[in-house]
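Okay, so here's the structure we're looking at.
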Amino acid sequence: MYREYTLTIRPSRDFLQELLWHGRNIIVLKPENLRQEMIGILKDMTKSYETGECLNGEE
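Heads up, the sequence shown is in numbering that gives the first Met the number 0, so the first residue is 0 and it goes up one at a time.
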């Protein structure tokens, strides 16, 4: 079972962090640019775990 919510906001870094906090319990459907940004972040996170390298230059 899932619930669908519609929000009208201007996405910020804090908002992205809030979405990421929900992990696998959330899927961004729209807008497509936010969805693609989330996909990019999650791919980078996966690569970091696979390689042990921090991709943002921090350790």
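For each residue, glycine too, the CB sits at the ideal point set by N, CA and C. Being a predicted model, the structure only gives us computed values, none of them experimental.
May I have the straight-line CA-CA distance separating residue i from residue j, to the nearest angstrom?
| i | j | result |
| --- | --- | --- |
| C53 | T5 | 33 angstroms |
| T45 | G39 | 10 angstroms |
| G51 | G22 | 20 angstroms |
Apart from the five residues on each side of it in sequence, which residues of its chain come closer than 6 angstroms, Cβ to Cβ, to residue i?
| i | result |
| --- | --- |
| V27 | L33, R34 and M37 |
Closest to residue i by C-alpha separation, out of the options, would be which residue?
| i | options | result |
| --- | --- | --- |
| I8 | T50, M0 and K29 | K29 |
| Y1 | Q16, P10 and I25 | I25 |
In three-state terms, what does DSSP make of residue i?
| i | result |
| --- | --- |
| L41 | helix |
| K29 | coil |
| N24 | helix |
Can you list, in chain order, the residues of its chain whose CB lies under 7 angstroms from that of residue i, leaving out five sequence neighbours each side?
| i | result |
| --- | --- |
| P10 | L33 |
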